[in-house]
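Residue 192 in the UniProt record's numbering is what sits at position 192 of the sequence shown, and the numbering runs on without skipping anything.
In what follows, a single structure is set out as structure tokens and then discussed.
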Amino acid sequence: LPPAEAEALVRALQGSELRDIGGQGWLRQHEYVEKLNMHGILSASAGQEQLLTELLVTHAKIPVLIGELISVEVWKHKIFPVLCQLKDFKPRSTFPIYVVLHHEASIINLLETVFFHKEICESAEDSILDLIDYCHRKLTLLAARSTKAPASVVSNAANSLPPCSSWEMRPEIPVPPQELQKQAEVMEFEISLKALSVLRFITDQVGSLPLSALTRMLDTHNLPCLLVELVEHCPWSCWEAGKLRKFENGTWHVVPPEDQVKMTKLDGQVWLALLNLLLSPECQRKYRFDGFNKSQLLKLRAFLTDVLIDQLPNLVEMQRFLSYLAVTDPAPPKKDLILEQVPDIWDHILKKNSGKWEAIAKHQVKHAFSPTEEELKLQARRWAQTYSLDMMEALAPDKPRCRVCGVEAAKRCSRCRNEWYCSRACQVQHWQKHKPACNLMA
Numbered sequence: 001l002p003p004a005e006a007e008a009l010v011r012a013l014q015g016s017e018l019r020d021i022g023g024q025g026w027l028r029q030h031e032y033v034e035k036l037n038m039h040g041i042l043s044a045s046a047g048q049e050q051l052l053t054e055l056l057v058t059h060a061k062i063p064v065l066i067g068e069l070i071s072v073e074v075w076k077h078k079i080f081p082v083l084c085q086l087k088d089f090k091p092r093s094t095f096p097i098y099v100v101l102h103h104e105a106s107i108i109n110l111l112e113t114v115f116f117h118k119e120i121c122e123s124a125e126d127s128i129l130d131l132i133d134y135c136h137r138k139l140t141l142l143a144a145r146s147t148k149a150p151a152s153v154v155s156n157a158a159n160s161l162p163p164c165s166s167w168e169m170r171p172e173i174p175v176p177p178q179e180l181q182k183q184a185e186v187m188e189f190e191i192s193l194k195a196l197s198v199l200r201f202i203t204d205q206v207g208s209l210p211l212s213a214l215t216r217m218l219d220t221h222n223l224p225c226l227l228v229e230l231v232e233h234c235p236w237s238c239w240e241a242g243k244l245r246k247f248e249n250g251t252w253h254v255v256p257p258e259d260q261v262k263m264t265k266l267d268g269q270v271w272l273a274l275l276n277l278l279l280s281p282e283c284q285r286k287y288r289f290d291g292f293n294k295s296q297l298l299k300l301r302a303f304l305t306d307v308l309i310d311q312l313p314n315l316v317e318m319q320r321f322l323s324y325l326a327v328t329d330p331a332p333p334k335k336d337l338i339l340e341q342v343p344d345i346w347d348h349i350l351k352k353n354s355g356k357w358e359a360i361a362k363h364q365v366k367h368a369f370s371p372t373e374e375e376l377k378l379q380a381r382r383w384a385q386t387y388s389l390d391m392m393e394a395l396a397p398d399k400p401r402c403r404v405c406g407v408e409a410a411k412r413c414s415r416c417r418n419e420w421y422c423s424r425a426c427q428v429q430h431w432q433k434h435k436p437a438c439n440l441m442a
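Written out as structure tokens, the structure is:
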């Protein structure tokens, strides 16, 4: 994006009411977030994300993004299930609902891109407490998934569904609510992994965080013990049919035997967050090393192998600390009387809309999620502009594949420029299925 356009998009970001989610004004906000998200990824890959960071700080938009993130999370928990159960909900297309589900993923992805910078973390101000709570909820879901449901269930679900980029561009495909809920579950897993990265970037700044943020992470949520759970159960890897599978870059893949001890990016995020929370003097003064916490933390010693330490040498300090912890009883934290800030975005949304969930769902079915054919065509054109194909290709890690046979493709439909084919024969074979989408998008 040109700098002037990026600034205009950042300036235009604003919060929205729960009732307005899915409406025309909200969809424009989603377009702004999506464009900034794609711009942020491309800028970060080129090492040029400083402009976006400065714009978000200058215009104080990080609290706005955090508020929108939690607003959509509340919508998913309180309104989406009600909406799927409404008897009169028979939409022409469920894509508008998918856009709302995808909005949370777009925001957390944008935050992951920019939270690497200290000034972004500081510009969050009081809303950093709400973001810490959000990350805790997502990490709790990850830990619960790893202990209650086999990771293979997640992998099978993820592999059985079309990738976002291939499905996003076909709003005319009818998707039943049950399938939409499956999409939401798979997306929730990926969102939780993004939240892990955001939390790790927050822990990088423990020295400059307000005291209330440290209290929230160490006392209220006991994040060190939750991170130990993730090290133990590792929800982004699983054994299936005698093969180790790991989730990386948005997909599950089989890990060859020689790479099975290799640390993934997600493994690294957990260990770095633990290093930040356990070894910083501020956290050691604040954290309660009681019997339970101490026993949980000492479980980490079994995972600190020479192979792991070779990949992340900073873990030597962790190893020393745990050896010291095993033979000593650190002094308990001082009980100072302090006035503690508490997060309020989640509670404010719940109190404001309590008892109105079904009414909001019915309002959104009528005004947002039941578009006419003309409205759907108009919105499809806007989505096509938002999800710029050239931008999507730049973001895609793999080369396009033929829609029919799956081999690498070099040609695509010249009319809608959406589908890829390896040859004219495959394009002709697929035309009858592709024709409705092509007519809508062209």
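Just so it is clear, CB atoms sit at the ideal spot from N, CA and C, and this is done for glycine as well.
This one's a predicted model, so the numbers in the text were calculated from it and none came from an experiment.
Spatial neighbours of A195 in its own chain (CB-CB distance under 7 Å, excluding positions within 5 residues in sequence) are listed in chain order as I108, Y134, C135, K138, L139.
Per DSSP, T220 lies in no alpha helix (DSSP H) and is assigned neither H nor E. DSSP, reduced to helix, strand and coil, places S208 outside both helices and strands of the structure shown, so it counts as coil.
Per DSSP, W236 lies in no beta strand (DSSP E) segment and is marked neither H nor E. Counting along the chain, F292 sits inside the alpha helix (DSSP H) bounded by residues 291-298. Between the alpha carbons of C238 and E258 lies a distance of about 16 Å. DSSP places R412 in the strand class (E or B) of the three-state scheme. Considering only Q432, Q183, T215, the residue with the shortest C-alpha distance to R285 is T215. Per the coordinates, the alpha-carbon of S43 lies some 8 Å from the alpha-carbon of L52. Rounded to the nearest whole angstrom, the C-alpha separation of R11 and S123 is 15 Å.
Around the beta carbon of W236, a 10 Å sphere encloses 16 or more other beta carbons of the protein chains shown; the residue is thus reported as buried. Membership of E125 in any alpha helix (DSSP H) is not indicated, and neither H nor E is assigned to it by DSSP.
Per DSSP, reduced to three states, the secondary structure at H367 is helical.
Around the beta carbon of F292, a 10 Å sphere encloses fewer than 16 other beta carbons of the protein chains shown; the residue is thus reported as exposed.
For V231, the closest of L300, Q311, I70 by C-alpha to C-alpha distance is L300.
Under the three-state reduction of DSSP output, Y421 falls in the strand class. Annotation: K35 is outside any beta strand (DSSP E); the continuous alpha helix (DSSP H) that includes it extends over 24-45. Contiguous alpha helix (DSSP H) elements confined to the segment 296-359 occur at 306-311, 315-327, 345-353, taking only those with 4 or more residues.
Judged by pairs of C-beta atoms under 8 Å, the segment 348-357 touches the segment 73-90, as three or more such pairs exist. When DSSP states are grouped into helix, strand and coil, H77 belongs to the helix group.
In this structure, G40 is the residue among G22, L18, G40 with its C-alpha nearest to the C-alpha of L1.
Taking the Cα positions, L180 is about 8 Å away from T94.
Here the alpha carbon of L110 sits roughly 15 Å from the alpha carbon of I128. Inter-segment contact for the segment 190-205 and the segment 112-123 is present: three or more beta-carbon pairs are separated by less than 8 Å. Here K435 carries a helix assignment [DSSP, helix/strand/coil]. Here S212 is buried, its C-beta having at least 16 other C-beta atoms within 10 Å. For H434 against C413, the beta-carbon gap comes to about 7 Å, under 8 Å, which counts as contact. Per DSSP, the beta bridge partners of V254 are R245.
Residue pairing by DSSP places R401 opposite E408 in a beta bridge. Excluding sequence positions up to five before and after I70, its CB lies within less than 8 Å of the CB of D130, Y134, I345, W346, I349, all in the same chain and listed in chain order. For the 7 Å CB-CB criterion, L141 and S192 form a contact. Cβ atoms of Q296 and V206 stay farther apart than 8 Å, at about 20 Å. A326 counts as exposed, since fewer than 16 other C-beta atoms from the protein chains shown sit within 10 angstroms of its C-beta.
DSSP, read as helix, strand or coil, puts G15 in coil. One thing to note: M263 has its Cβ no nearer than 7 Å to the Cβ of Q319. A contact between stretches requires three or more CB pairs, one per stretch, nearer than 8 Å, and the segment 363-376 meets this requirement with the segment 12-32.
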